[in-house]
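Inspection log for the structure reproduced underneath, given as C-alpha cells.
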Amino acid sequence: MFIATFMTTPARTVSPDTLLSEARELMTTGKFRHLPVVDEERRLVGIITDRDLRSAMPTGMLTEAEKGAYLQRFAATTVRTIMTEAVANLTAEATLDDALLLFDRTRVGALPVVDGEHKVIGIISVRDLLTAYRQLFGLGVKGSTLIGVVDQGDPTVLTRLTGALEAGQIPFTRLIRTGELGGHGSVIYVRVHTHNLNGVHNILAGAGFKTVAPGIERSNDHA
Numbered sequence: 015m016f017i018a019t020f021m022t023t024p025a026r027t028v029s030p031d032t033l034l035s036e037a038r039e040l041m042t043t044g045k046f047r048h049l050p051v052v053d054e055e056r057r058l059v060g061i062i063t064d065r066d067l068r069s070a071m072p073t074g075m076l077t078e079a080e081k082g083a084y085l086q087r088f089a090a091t092t093v094r095t096i097m098t099e100a101v102a103n104l105t106a107e108a109t110l111d112d113a114l115l116l117f118d119r120t121r122v123g124a125l126p127v128v129d130g131e132h133k134v135i136g137i138i139s140v141r142d143l144l145t146a147y148r149q150l151f152g153l154g155v156k157g158s159t160l161i162g163v164v165d166q167g168d169p170t171v172l173t174r175l176t177g178a179l180e181a182g183q184i185p186f187t188r189l190i191r192t193g194e195l196g197g198h199g200s201v202i203y204v205r206v207h208t209h210n211l212n213g214v215h216n217i218l219a220g221a222g223f224k225t226v227a228p229g230i231e232r233s234n235d236h237a
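As C-alpha cells, this is what we get:
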C-alpha cells in the first residue's frame with residue numbers, strides 16, 4: 015500500500031526566511047509538530063520541528079531581563095538558523111514498508127513527501143503510519159483475530175489454507191508468510207473476521223493444519 019493514501023496533503027510549509035515566532039504560531043494553531051521548509055518553488059530544503067523551537071526558547075536559568083532580551087532575539091530569528099537541512103524524505107510512490115524502514119533508520123517523527131522535482135506535496139508522520147497499518151491489518155475490527163498456522167513448506171500450502179477458509183465461509187484478510195521465527199520455524203499468519211474461533215480451528219485441523227500461539231504449538235488433536 016502506498017503512502018499517498020495516508021499522507022497529509024497539502025502539507026503546511028515555511029520558507030527559510032520565516033520568523034521562528036511565525037513558525038511557532040503555525041504549529042500551535044495547526045497542531046503540527048513538523049514543518050517542511052521550502053524554497054520559492056516549494057522544493058524541499060529542510061524541516062523544523064517543535065523540538066527545535068523548544069530548544070531555541072529561553073530556559074528557566076535566565077533572569078527576567080535576560081529572558082526578555084532572548085525572546086526579542088527569538089522573535090527576530092529566522093527558520094534558516096535552526097532548521098535541519100538535507101532532510102530524509104519519501105516520494106508518493108513509496109510504500110508503507112518504505113516509510114517504516116526510513117522512520118526506523120532516521121528516528122524522526124515525520125517525513126516530507128516530494129514529487130519528481132523535489133517539491134513538497136505532503137507529509138507523513140509516525141501516527142499516520144500507525145493508522146495505515148491498523149487499517150491494513152484490520153486491527154480493532156469486531157471479531158478480528160490473528161491466527162498462526164505452521165508452514166508445512168509444500169508449494170500448495172497457501173492454496174490449501176485459503177481454500178479451507180473459503181470453503182468454511184470464514185472471512186479473512188492479510189495473509190503473511192514468515193521465515194524462521196522463534197521456535198516455530200516458518201509460520202503463516204492469517205487475520206480472520208469471525209467470533210467462531212473454535213470453528214476456525216476445527217476447519218484448519220480438518221484440512222491438516224496446526225495452529226500456533228506464542229511459545230505453543232497447538233496440535234488440534236481434540237478436533
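Read in order, the letters of the sequence shown correspond to residues 15 to 237 in our numbering. The beta carbon of each residue, even a glycine, is placed where N, CA and C say it ideally should be. Quick caveat: nothing in here was measured; it's all calculated off a predicted structure.
Starting from Arg-65, follow the alpha helix (DSSP H) in both directions and report where the run begins and ends. For the purposes of this step, residue 65 is taken as residue 51 along the sequence shown, with counting starting at 1. Segment 64-70, the alpha helix (DSSP H) holding Arg-65.
Entirely enclosed beta strand (DSSP E) segments - the segment 15-69, minimum 3 residues: 48-52 and 58-63
Expressed to the nearest angstrom, what Euclidean distance is found between the alpha-carbon atoms of Ile-137 and Asp-168? Within the sequence shown, numbered from 1, the residue matching residue 137 stands at position 123. Within the sequence shown, numbered from 1, the residue matching residue 168 stands at position 154. For Ile-137 and Asp-168, the distance between alpha carbons rounds to 43 Å.
beta-carbon Gly-213 near the ligand SAM non-hydrogen atom, thresh 7 Å: Among the components modelled here there is no ligand, and therefore nothing to report on the ligand SAM.
Selected residue, minimal CA-CA separation from Val-164, among Thr-27, Met-71, Ser-139 and Gly-193: To locate residue 164, count along the sequence shown from 1; it is residue 150. Ranking the options by Cα distance to Val-164, first place goes to Gly-193.
Helix or strand or just coil, what does DSSP make of Ile-217? Taking the sequence shown and counting its residues from 1, the one referred to as residue 217 is at position 203. Helix, per DSSP.
Contact criterion: CB-CB distance below 8 Å. Does Ala-106 meet it with respect to chain B? Considering every chain present, this structure includes no chain B. It has just one protein chain.
Distance, Cα to Cα, Thr-159 vs His-132? As a first step, residue 159 must be located in the sequence shown, where it is residue number 145. As a first step, residue 132 must be located in the sequence shown, where it is residue number 118. Thr-159 and His-132: Cα-Cα distance of roughly 41 Å.
Closest residue to Ile-17 among Asp-112, Arg-57, Ile-61 and Thr-91 (Cα-Cα distance): Residue numbering aside, residue 17 sits at position 3 when the sequence shown is read from its first letter. Answer by Cα proximity: Asp-112.
Straight-line CA distance for Val-201 to Phe-223? Taking the first residue of the sequence shown as position 1, residue 201 is located at position 187. Taking the first residue of the sequence shown as position 1, residue 223 is located at position 209. Looking at the two C-alpha atoms, the distance is approximately 11 Å.
What are the start and end residues of the alpha helix (DSSP H) that includes Leu-116? In the sequence shown, the residue the question calls residue 116 occupies position 102. Here the alpha helix (DSSP H) through Leu-116 covers 110-120.
Skipping 5 residues on each side, what residues in its chain have a beta carbon closer than 7 Å to that of Val-59? Start at 1 with the first residue of the sequence shown, and residue 59 comes out as number 45. So the list reads Pro-30, Val-51, Val-52, Asp-53 and Glu-99, once near-sequence residues are dropped.
Residue closest to Gly-123, alpha-carbon to alpha-carbon, out of Ser-35, Thr-23, Glu-39 and Arg-65: Within the sequence shown, the letter at position 109 stands for residue 123. When only C-alpha atoms are compared, the closest one is Arg-65.
Whose CA, out of Glu-180, Val-93, Thr-77 and Thr-23, lies closest to the CA of Arg-68? Taking the first residue of the sequence shown as position 1, residue 68 is located at position 54. Considering only alpha carbons, the answer is Val-93.
Roughly how many whole angstroms lie between the Cα atoms of Thr-95 and Gln-86? The residue you call residue 95 lines up with position 81 of the sequence shown. The residue you call residue 86 lines up with position 72 of the sequence shown. Roughly 15 Å separates the two Cα atoms.
Give the secondary structure of Gly-177 by DSSP, where H, G and I count as helix, E and B as strand, and everything else as coil. Position 163 of the sequence shown, counted from the first residue, corresponds to residue 177. For Gly-177, the three-state secondary structure derived from DSSP is helix.
Could you work out which residue in Thr-27, Met-71 and Val-127 is closest to Gly-44 when comparing CA atoms only? Counting from one through the sequence shown, the residue named residue 44 turns up at place 30. Closest option to Gly-44, Cα to Cα, is Thr-27.
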